[in-house]
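Just below is one structure, and these are the notes that go with it.
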Amino acid sequence: MKRTIALMFIPALLLAGCARPVKETVIERPVVVAPAAATGASAPNCTYASQAYGHGSVSCQDRTQFRCDNGIWNRTFTAC
Numbered sequence: 003m004k005r006t007i008a009l010m011f012i013p014a015l016l017l018a019g020c021a022r023p024v025k026e027t028v029i030e031r032p033v034v035v036a037p038a039a040a041t042g043a044s045a046p047n048c049t050y051a052s053q054a055y056g057h058g059s060v061s062c063q064d065r066t067q068f069r070c071d072n073g074i075w076n077r078t079f080t081a082c
């Protein structure tokens, strides 16, 4: 009788383990961007006063120095 009762609880214990929530794992990987030189394309140009400036060029705009960084003018906070 004791064995019969014990055997009845074994399937219940096994099924109880299946009811646990599953923890999902997210794996993040960095996005690799090929440099412009490797792809054969050049960096975008910046434009000021109808003049095109290449990446890394410096321009004096409104008495402040700006540097072209991939098509975007970034202020260097240097007076000119």
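Take 3 as the starting number for the sequence shown in this note's numbering and just add one per residue. Built from N, CA and C at the ideal position, the CB exists for glycine as well. In this text the structure is predicted, and so the values were computed from the model without any measurement.
- Taking the Cα of A51 as reference, the smallest distance to any Cα among F79, T80, D64 is reached at D64.
- DSSP places C48 in the strand class (E or B) of the three-state scheme.
- When the Cα atoms are used, G73 and P32 turn out to be separated by approximately 24 Å.
- Per DSSP, reduced to three states, the secondary structure at D71 is strand.
- DSSP, read as helix, strand or coil, puts T27 in coil.
- The beta carbon of A81 is closer than 8 Å to those of R65, T66, Q67 in its chain, skipping five residues each way along the sequence.
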